[in-house]
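Novice: Per the working numbering, the very first residue in the sequence shown carries number 5; after that it's consecutive.
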Amino acid sequence: MPAPEITLHRYGTDQLATIRPTLVGVYAEVYEKEIGEDPFFSVDRFEGRLTGHSSRPSWEAVVAYDGGEAAGYAYAAALPQNTGWWAHMLQPLPEVDTTEDGTRTLALFEIMVRSPWRGTGLAHRIHEELLAGRTEERVTLLVEPGHPKVKALYQSWGYQHIGDQQPFPDAPVYTTMLRALRSDGSPSVGRS
Numbered sequence: 005m006p007a008p009e010i011t012l013h014r015y016g017t018d019q020l021a022t023i024r025p026t027l028v029g030v031y032a033e034v035y036e037k038e039i040g041e042d043p044f045f046s047v048d049r050f051e052g053r054l055t056g057h058s059s060r061p062s063w064e065a066v067v068a069y070d071g072g073e074a075a076g077y078a079y080a081a082a083l084p085q086n087t088g089w090w091a092h093m094l095q096p097l098p099e100v101d102t103t104e105d106g107t108r109t110l111a112l113f114e115i116m117v118r119s120p121w122r123g124t125g126l127a128h129r130i131h132e133e134l135l136a137g138r139t140e141e142r143v144t145l146l147v148e149p150g151h152p153k154v155k156a157l158y159q160s161w162g163y164q165h166i167g168d169q170q171p172f173p174d175a176p177v178y179t180t181m182l183r184a185l186r187s188d189g190s191p192s193v194g195r196s
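1. Is the Cβ-Cβ distance between R138 and Y163 less than 8 Å?
2. Which residue's Cα is closest to the Cα of G125: P96, S160, E141 and M93?
3. Could you check what DSSP says for V66 in three-state terms: helix, strand or coil?
4. When the Cα of P171 is compared with those of F44, A80 and H128, which residue comes out closest?
5. For D42 and A74, I'd like the C-alpha separation in whole angstroms.
6. Where do the N-terminal and C-terminal ends of the beta strand (DSSP E) with H165 fall, by residue?
7. Could you give the DSSP three-state label for Y35: helix, strand or coil?
8. Once DSSP output is grouped into helix, strand and coil, what is the label at T103?
9. By alpha-carbon positions, which one of D105, S46, D168 and K153 ends up nearest to M93?
10. Measure the Cβ-Cβ separation of Y79 and F113 and say whether it is below 8 Å.
11. Return yes when at least one heavy atom of the ligand FAD lies under 7 Å from the C-beta of G167, else no.
12. Output the boundary residues of the beta strand (DSSP E) element that contains A78.
13. Measure the beta-carbon distance from A111 to W90 and round it to whole angstroms, keeping in mind my assumption that it falls under 8 Å.
14. Measuring CA to CA, which of G29, S46, P61 and N86 is closest to R18?
15. Locate the alpha helix (DSSP H) running through F45, then write down its first and last residues.
16. CA-CA distance, S192 and R122?
Structure follows, in structure tokens:
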């Protein structure tokens, strides 16, 4: 699919009700195989995670449309001061790297592109649009270790593997990645 037909739209928490069916529908299509194999990936569990993530005032989503058809999306929110995000690391990180104030780290919770638009660069366009204008100093995301091509893609976008975590008892163990958002930031683990 040619990328020039794609339009990107940004949404905030106040518009979630409008786009929720789109987010859930794309998720159900992209994760169809996993939904049938693992309750963690069920649509109900996804909807619960979406509700929790979108309850944060800093939550934003970018949805890509090809004409009127959703081709993919990403959504993120800043980690709150009392986040449990870093507590799930299998090897704890230094406190200096995990202290949050509600504005330090953006968590990219979901990014997905439907099959007809994969390999077109659309995931990167959505990603960069979502990050544009964000004020956090760094962004973190999780990737399943069984997806080495996805991990390599994120590395090509500037992310570094900083460890592994299991965010829920029945969740997979995820590779945790981190990237700078601001040139004056120092997002790498081990730097202050």
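No residue lacks a Cβ here, since even glycine has one placed at the ideal position from N, Cα and C.
Small disclaimer: the values here were computed from a predicted structure and weren't measured.
Specialist: Quick look at the numbers:
1. no
2. S160
3. strand
4. F44
5. 25 Å
6. Q164 to Q169
7. coil
8. coil
9. D168
10. yes
11. As presented, the structure is devoid of all ligands, the ligand FAD included, so that no description of it is given.
12. E73 to A82
13. Between W90 and A111 the Cβ distance is about 11 Å, and since that is not below 8 Å, they are no contact.
14. Rather than Arg, the amino acid found at residue 18 in this sequence is Asp. It is P61.
15. Careful: F45 lies outside any alpha helix (DSSP H) and carries neither H nor E.
16. Here the model assigns S192 a pLDDT of 48, short of 50, so the residue's position is not dependable, and the following value carries that caveat. Roughly 30 Å between the two C-alpha positions.
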